[in-house]
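Engineer: With full-length UniProt numbering as the guide, the letters of the sequence shown map in order to residues 1 to 395. Glycine residues also receive a C-beta, built at the ideal position from the N, C-alpha and C atoms. Below are the structure tokens for one structure; questions will follow.
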Amino acid sequence: MKRRDFIKICGLLGISFPSFGAKPKNDAKHSQDSDNVLIIGSGAAGIAAGYLLEQQGVNYKILEASETYGGRMKRTTSFVDFPLPLGAEWLHVSEKELAKIVNKNSKAITTQLKEYSGREAIGYYENGSLSYSALSEVLGSDFSDKKFINSSWFDFFDEYIVPHIRKNIQLNTQIVSINYQGSRIKLIDAKGSRYEADKVIITVPLKVLQNNIISFVPTLTKRKKETIQEAPVWGGIKVFIEFAKRFYPAFLAFPDSITNKGQRTYFDAAFAQNTSSNVLGLFAVGEQAKPYQRLSHREQLAYILNELDQVFEGEASRQYKQHIVQDWSKEPFIQSAYLSDEAPSYISSYLFTPVKNKLFFAGESYTHEDDWGGVHNATRSARRVVEEIISLRME
1 MKRRDFIKIC GLLGISFPSF GAKPKNDAKH SQDSDNVLII GSGAAGIAAG YLLEQQGVNY
61 KILEASETYG GRMKRTTSFV DFPLPLGAEW LHVSEKELAK IVNKNSKAIT TQLKEYSGRE
121 AIGYYENGSL SYSALSEVLG SDFSDKKFIN SSWFDFFDEY IVPHIRKNIQ LNTQIVSINY
181 QGSRIKLIDA KGSRYEADKV IITVPLKVLQ NNIISFVPTL TKRKKETIQE APVWGGIKVF
241 IEFAKRFYPA FLAFPDSITN KGQRTYFDAA FAQNTSSNVL GLFAVGEQAK PYQRLSHREQ
301 LAYILNELDQ VFEGEASRQY KQHIVQDWSK EPFIQSAYLS DEAPSYISSY LFTPVKNKLF
361 FAGESYTHED DWGGVHNATR SARRVVEEII SLRME
């Protein structure tokens, strides 16, 4: 397995953006009474956009379709004795990025992380044979991924970002119509409630747009619609299994762990946690996710245990305690994992392009850069969108 390919498996989520400049003048032209921004979606991009607008003194509201915020940063605290990330898992850049997200020099950040030492084992199973290598042998010395210690991306945002914007998050509000033909943008939610805004930041997952959950008046341009529909979006699933004892390496890969149609790997989800629990995670997207997704809950467990039993000579079934499944393709307001790693580079960049300086797009699929699919991509695009909106307000 190539080093860059394994990094693509492990390198799921990170986040960064630089500090902001001065606030716009609060004159009549830019008063909060006459200017407002609506953000659709409260995942990483929506939260980041709201937080930055809050810091800039811009009037905004975040409309979230589901009953909670966080999107694909979802985590559970009820499975074992540490927060289990059902979506975003690792920090892939310097810990200084956390301070950049908070964007406030006076705020001390106590979130703890642990970097892989390079001595952890990677297992590779092929044709009935299991071999091991050290992490550093496969990924090299520059691999610097870090795990949150008894915390998660959701917990970090929940502690440092959300308290500043919570008052402006409106849950259970699914926007289904956006009319941007007049001077003010008019929105309608699934219950028939109406909203108006001067600017709208759309941060919903790309699959939601592909499935035409939101109608646009006037319709989006031909190229915009075609780009949305042709974008390859991967479905995805994560499964976590608790075992009575640990019998597996830090990572377990297979011949199909990286292909142009999808990815899958097992990983030690309890790495760096202050716990005695033994939890193995499964991450699968694209075609590699489908064998797991098409099964019933009971069949999924049997399939996974059988797969692991073949690798570890029956140890999985003997040590099994409990498991939990997060199928992102079945989340009604998400419907997918993320934009395929193999997507043409122009897709994400064009999807980011605003419409008439009224509709702006931010998220892991709308990045305006040659990279996509992660939390850091989502927040960077949110940063860029907010910069554009602030610039327009200062004209």
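(1) Pick helix, strand or coil for Pro83, following the three-state DSSP scheme.
(2) Asn377 and Thr367: beta carbons closer than 8 Å?
(3) In angstroms, rounded to a whole number, what distance separates the CA positions of His380 and Ile47?
(4) Would Ile334 and Pro205 be called neighbours here (beta carbons separated by less than 8 Å)?
(5) Does DSSP classify Asp276 as helix, strand or coil?
(6) Relative to the C-alpha of Ile201, which candidate in Met394, Glu395, Arg384 has its C-alpha closest?
(7) Between Lys321 and the ligand ADP, is there a pair consisting of the residue's CB and a ligand heavy atom that are separated by less than 7 Å?
(8) Can you list, in chain order, the residues of its chain with a C-beta nearer than 7 Å to that of Leu113? Leave out the 5 residues immediately preceding and following it.
(9) Of all the beta strand (DSSP E) runs that stay within the bounds of the region 97 to 154, which reach a length of 3 or more residues?
(10) So, with DSSP's three-state summary, where would you put Asn377?
(11) In the structure shown, what three-state DSSP assignment does Gly43 receive?
(12) Taking its Cβ as the centre, do 16 or more other Cβ atoms sit within 10 Å of Gly128, making it buried, or is it exposed?
(13) Residues in its own chain within less than 7 Å of Asn168 by CB, not counting five upstream and five downstream?
(14) What does the alpha-carbon distance come out to for the pair Glu196 and Ala44?
(15) Between Lys186 and Glu242, how many whole angstroms is the CB-CB distance? I'm expecting something under 8 Å.
(16) What did DSSP end up calling Arg72 once you bin it into helix, strand or coil?
(17) What is the DSSP secondary structure of Leu295, counted as helix, strand or coil?
(18) Can you have a look at His297 and say buried or exposed, based on whether 16 or more other CB atoms are within 10 angstroms of its CB?
(19) Please state if the CB of Thr259 and the CB of Phe283 are separated by a distance shorter than 8 Å.
(20) Could you compute how far the alpha carbon of Arg166 sits from the alpha carbon of Glu64?
(21) Given this structure, state the Cα-to-Cα distance separating residue 476 from Gly192, to the nearest angstrom.
(22) Tell me which residues share the same chain as Pro255 and place their Cβ nearer than 8 Å to its Cβ, disregarding the 5 neighbours each side in the sequence.
(23) Assuming Phe251 contacts Ala269 (C-beta within less than 8 Å), just tell me the rounded distance between them.
(24) Quick one: Cα of residue 396 to Cα of Asp142, how far?
(25) The beta strand (DSSP E) with Leu187 in it runs from where to where?
(26) Would Thr353 count as contacting chain E if we go by Cβ distances under 8 Å?
(27) Quick one: give me the first and last residue of the beta strand (DSSP E) that Tyr346 is part of.
(28) Can you give me the C-alpha to C-alpha distance between Leu135 and Glu120, rounded to a whole angstrom?
(29) Is Gln181 helix, strand or coil when you go by DSSP?
(30) Using the Cβ count rule (16 or more neighbours within 10 Å means buried), how would you classify Asn36?
(31) Could you check what DSSP says for Trp328 in three-state terms: helix, strand or coil?
(32) What is the DSSP secondary structure of His323, counted as helix, strand or coil?
(33) For the beta strand (DSSP E) containing Val217, name the first residue and the last one.
(34) What number of angstroms, rounded off, separates the C-alpha of Ser345 from the C-alpha of Leu359?
(35) Look at the Cβ atom of Ser336, then the Cβ atom of Val233, and state whether they are nearer than 8 Å.
(36) From the DSSP output, which residues share a beta bridge with Trp234?
Structural biologist: From the atom records:
(1) To locate residue 83, count along the sequence shown from 1; it is residue 83. Coil at Pro83, not helix or strand.
(2) Along the sequence shown, one-based indexing puts residue 377 at 377. Along the sequence shown, one-based indexing puts residue 367 at 367. In terms of Cβ geometry, Asn377 and Thr367 form a close pair [threshold 8 Å].
(3) Along the sequence shown, read from residue 1 onward, the residue named residue 380 stands at position 380. Along the sequence shown, read from residue 1 onward, the residue named residue 47 stands at position 47. The question names His, yet the displayed sequence has Arg at residue 380. In a straight line, the C-alpha of Arg380 is about 12 Å away from that of Ile47.
(4) By one-based count along the sequence shown, residue 334 stands at place 334. By one-based count along the sequence shown, residue 205 stands at place 205. Yes, Cβ-Cβ distance for Ile334 and Pro205 is below 8 Å.
(5) Stepping through the sequence shown from its first residue, residue 276 is reached at position 276. A quick correction: the sequence has Ser, not Asp, at residue 276. In the structure shown, Ser276 sits in coil (DSSP, three-state: anything other than H, G, I, E or B).
(6) Stepping through the sequence shown from its first residue, residue 201 is reached at position 201. Out of Met394, Glu395, Arg384, Arg384 has the C-alpha closest to the C-alpha of Ile201.
(7) Absence of the ligand ADP is noted for the structure shown, with no ligands found whatsoever.
(8) For this step, residue 113 is matched to residue 113 along the sequence shown. Counting only Cβ-Cβ distances below 7 Å, and skipping sequence neighbours, we find Leu91, Glu95, Lys146, Lys147, Phe148, Ile149.
(9) Inside the region 97 to 154, DSSP marks whole beta strand (DSSP E) runs of 3 or more residues at positions 113 to 115, 121 to 126, 129 to 134, 146 to 148, from first to last along the chain.
(10) Counted from its first residue, the sequence shown places residue 377 at position 377. Helix, per DSSP.
(11) Taking the sequence shown and counting its residues from 1, the one referred to as residue 43 is at position 43. For Gly43, the secondary structure class from DSSP, reduced to helix, strand or coil, is coil.
(12) Taking the first residue of the sequence shown as position 1, residue 128 is located at position 128. Gly128 is exposed by the Cβ-count criterion.
(13) By 1-based counting over the sequence shown, the position of residue 168 is 168. Here the set comprises Gly50, Tyr60, Lys61, Ile62.
(14) To locate residue 196, count along the sequence shown from 1; it is residue 196. To locate residue 44, count along the sequence shown from 1; it is residue 44. When the Cα atoms are used, Glu196 and Ala44 turn out to be separated by approximately 23 Å.
(15) The residue labelled residue 186 in the question sits at position 186 within the sequence shown. The residue labelled residue 242 in the question sits at position 242 within the sequence shown. Under the criterion of beta carbons closer than 8 Å, Lys186 and Glu242 do not qualify as touching, at roughly 49 Å.
(16) Taking the sequence shown and counting its residues from 1, the one referred to as residue 72 is at position 72. Looking at Arg72 - three-state DSSP - the assignment turns out to be helix.
(17) The residue labelled residue 295 in the question sits at position 295 within the sequence shown. Leu295: coil per DSSP, three-state reduction.
(18) Here residue 297 corresponds to residue number 297 of the sequence shown, with the count starting at 1. Result: exposed.
(19) Taking the first residue of the sequence shown as 1, we reach residue 283 at position 283. Taking the first residue of the sequence shown as 1, we reach residue 259 at position 259. Taking the C-beta atoms as reference points, Thr259 is found no nearer than 8 Å to Phe283.
(20) Stepping through the sequence shown from its first residue, residue 166 is reached at position 166. Stepping through the sequence shown from its first residue, residue 64 is reached at position 64. Roughly 12 Å separates the two Cα atoms.
(21) With the chain covering 1 to 395 only, the question about residue 476 has no answer from this structure.
(22) For the purposes of this step, residue 255 is taken as the residue at position 255 of the sequence shown. The beta carbon of Pro255 sits closer than 8 Å to those of Glu126, all from its chain and outside the five residues before and after it, given in chain order.
(23) In the sequence shown, residue 251 corresponds to position 251, counting from 1. In the sequence shown, residue 269 corresponds to position 269, counting from 1. Going by Cβ atoms, the distance from Phe251 to Ala269 rounds to 11 Å, so no, they are not a contact pair.
(24) In this structure the chain extends from 1 to 395, so residue 396 is not present and cannot be described.
(25) The residue you call residue 187 lines up with position 187 of the sequence shown. In the DSSP assignment, Leu187 falls within the unbroken beta strand (DSSP E) covering 185 to 189.
(26) Although the question refers to chain E, the structure presented lacks it and comprises just one protein chain.
(27) The residue given as residue 346 occupies position 346 in the sequence shown. Tyr346 -> not in any beta strand (DSSP E); alpha helix (DSSP H) instead, spanning 345 to 352.
(28) Along the sequence shown, read from residue 1 onward, the residue named residue 135 stands at position 135. Along the sequence shown, read from residue 1 onward, the residue named residue 120 stands at position 120. Leu135 and Glu120 have their alpha carbons spaced roughly 5 Å apart.
(29) Locating residue 181 in the sequence shown gives position 181, where the first residue counts as 1. Looking at Gln181 - three-state DSSP - the assignment turns out to be coil, as it is neither helix nor strand.
(30) Taking the first residue of the sequence shown as position 1, residue 36 is located at position 36. Buried is the call here.
(31) Residue 328 sits at position 328 when you count from the first residue of the sequence shown. Taken through DSSP and simplified to helix, strand or coil, Trp328 comes out as helix.
(32) Residue numbering aside, residue 323 sits at position 323 when the sequence shown is read from its first letter. Look at His323 here: in three-state DSSP terms it is strand.
(33) Counting from one through the sequence shown, the residue named residue 217 turns up at place 217. Residues 215 to 217.
(34) For the purposes of this step, residue 345 is identified with residue 345 of the sequence shown, where counting begins at 1. For the purposes of this step, residue 359 is identified with residue 359 of the sequence shown, where counting begins at 1. One C-alpha to the other measures close to 22 Å.
(35) Translated into positions along the sequence shown, residue 336 becomes position 336. Translated into positions along the sequence shown, residue 233 becomes position 233. Yes. Within cutoff.
(36) For the purposes of this step, residue 234 is identified with residue 234 of the sequence shown, where counting begins at 1. Looking at the DSSP output, Trp234 bridges to Tyr338.
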